[in-house]
Amino acid sequence: DLRRLQRRSSMRKKCVILGCGYVGTAVARNWLADGHEVWGVSRNSDTLAQIEHDSFYPVVADVDTAEWHAQVPSSPAIVLNCVSTAGPGIEGYRKSYIGGNHSVLDWARAGNPERIVYTGSTAVYPFTDGREVWEDDAGGEDLAESGKLVLESEKMLLQDPEIGDRCTVLRLAGIYGPSRHHLLDAVKRSNGVLPGRGDYFLNLIFLDDIVSAVDAVWHSPIAGGKAYNLADETPPTKEEMVSWLAERIGCTAPKFDPEAMDGRRMRVNRAGGSPNRRVKIDRIKQDTGWSPKYRSFRDGFEKIGL
15 DLRRLQRRSS
25 MRKKCVILGC
35 GYVGTAVARN
45 WLADGHEVWG
55 VSRNSDTLAQ
65 IEHDSFYPVV
75 ADVDTAEWHA
85 QVPSSPAIVL
95 NCVSTAGPGI
105 EGYRKSYIGG
115 NHSVLDWARA
125 GNPERIVYTG
135 STAVYPFTDG
145 REVWEDDAGG
155 EDLAESGKLV
165 LESEKMLLQD
175 PEIGDRCTVL
185 RLAGIYGPSR
195 HHLLDAVKRS
205 NGVLPGRGDY
215 FLNLIFLDDI
225 VSAVDAVWHS
235 PIAGGKAYNL
245 ADETPPTKEE
255 MVSWLAERIG
265 CTAPKFDPEA
275 MDGRRMRVNR
285 AGGSPNRRVK
295 IDRIKQDTGW
305 SPKYRSFRDG
315 FEKIGL
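In the working numbering, the protein residues as written are 15 to 320.
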């Protein structure tokens, strides 16, 4: 009715998404459904073309450049920087995360964004012994170079004297959701064998829960200047998850081969150890009231339709 339309119009906000890919597209669709205007910045024009809406404004540019600065509102209600690595190797991390946040800060100092939300990573935790980790456990001399760059990119925002108190970092666990489920794909093509071991913990977060968490920290009066872990609440071992996925698709669970390499092995410490920790989300739950709707990988894969 008219009153509802008028209320929606009065709540209309200008929103900017940098690195508008898998996560950014989902957030953009959520914000558009809420009646906001959204500017999406990405180097991939095909990704931007997937969003067809009168209030969506695509901007083709690399986030680590100044090309997008004049093409988005200078004082939006919120900026979501959810860039992914620009390419393989450490230089891809440096370009996207360090170069990207240099560009964000240059632009933000010249404008006046109300809030900035940055999606970091649980790669800032170098532990390989299965321990529980909270936000204050990040860093350390043993952290791999990629993790150090991610942590440095966080600090660029949070410790900035002009912008820091308007910034929130979400340290994302492994992202999965519709059309993005790497381990399920690996089980399907495994031919009975998976590279590596299955006795370490996987920390995961479903796409829809990332979207709701972005809104939660945006609207929280106390989330500025803080970093939050973002994961579900029941990390399985890789073996447990593989066994469940195999049963759901009707195949025999593949065996793990520690001697094989799959090219995607992630190292979180300088000794080359693989990540093995349980990421705790107490802080974001306490500060914002947010909690994951999909509390385990089983909930998420059932939503996908497995």
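Beta carbons are placed, not taken as given, at the ideal position from N, Cα and C, and that holds for glycine. Computed from a predicted model, the values in this text were never measured in an experiment.
- In this structure, the CA atom of Gly319 is about 15 Å from the CA atom of Ser310.
- DSSP places Tyr139 outside both helix and strand once states are collapsed to three, so it counts as coil.
- The secondary-structure analysis by DSSP pairs Thr133 across a beta bridge with Leu184.
- The shortest C-alpha to C-alpha distance from Pro268 to any of Ile219, Gln300 and Gly210 is the one to Gly210.
- When DSSP reads this structure, Ile92 sits in a beta bridge with Cys29.
- Secondary structure note for Glu51: its beta strand (DSSP E) is the uninterrupted segment Glu51 to Ser56.
- Under the 10 Å beta carbon count, Asp68 is surrounded by fewer than 16 other beta carbons and is classified as exposed.
- Tyr71: member of the beta strand (DSSP E) spanning Phe70 to Val74, first to last residue.
- Non-local C-beta neighbours of Gly33 in its own chain, meaning closer than 8 Å and more than five positions away in sequence, comprise Val55, Ser56, Val77, Asn95, Cys96, Val97, Ser98, Ser110 and Gly114, ordered along the chain.
- When the alpha-carbon of Val30 is set against those of Gly38, Leu46 and Trp53, the nearest one is in Trp53.
- In the three-state reduction of the DSSP assignment, Ala227 falls in the helix class.
- The DSSP-derived three-state label of Thr251 is strand.
- When the alpha-carbon of Asp296 is set against those of Pro289, Glu316, Tyr242 and Thr248, the nearest one is in Tyr242.
- Per DSSP, Tyr111 is not a residue of any beta strand (DSSP E), being assigned neither H nor E.
- In the structure shown, the three-state DSSP call for Ala274 is coil.
- An exposed status is given to Asn126, since fewer than 16 other beta-carbon atoms sit within 10 Å of its beta-carbon.
- Your pair Ala40 and Leu221 checks out as a contact, with CB atoms roughly 5 Å apart and the cut at 8 Å.
- Judged by DSSP secondary structure, Asn44 falls outside any beta strand (DSSP E) and instead within the alpha helix (DSSP H) spanning Tyr36 to Ala47.
- Ranking Ile177, His116, Pro140 and Thr251 by CA distance to the CA of Ile92 puts Ile177 first.
- DSSP, read as helix, strand or coil, puts Ile189 in strand.
- DSSP places Glu146 within a strand segment (E or B) once states are collapsed to three.
- With 16 or more other Cβ atoms inside 10 Å of its own Cβ, Val183 counts as buried.
- The criterion of a C-beta distance shorter than 8 Å is satisfied by Thr136 and Asn217.
- In this structure, Arg291 places its C-beta atom within 8 Å of the C-beta atom of Val147.
- Look at Leu62 here: in three-state DSSP terms it is helix.
- In chain order, Val77, Asp78, Thr79 and Ala80 place their CB closer than 7 Å to the CB of Ser117, counting only its own chain and leaving out the 5 sequence neighbours on each side.
- Going by DSSP, Val207 is part of the beta strand (DSSP E) stretching over Val207 to Pro209.
- In the three-state reduction of the DSSP assignment, Leu320 falls in the coil class.
- With contacts defined by Cβ atoms closer than 8 Å, Arg145 and Arg180 do not form a contacting pair.
- If you ignore the 5 residues before and after Tyr308, its C-beta comes within less than 8 Å of the C-beta of Phe220, Asp222, Asp223, Asp246, Gly314 and Lys317, all in its own chain and listed in chain order.
- Taking the CA atoms as reference points, Tyr71 sits about 35 Å from Gln300.
- When secondary structure is reduced to three states using DSSP, Val86 falls in the coil class, being assigned neither helix nor strand.
- Arg194 places its beta carbon less than 8 Å from that of Tyr36.
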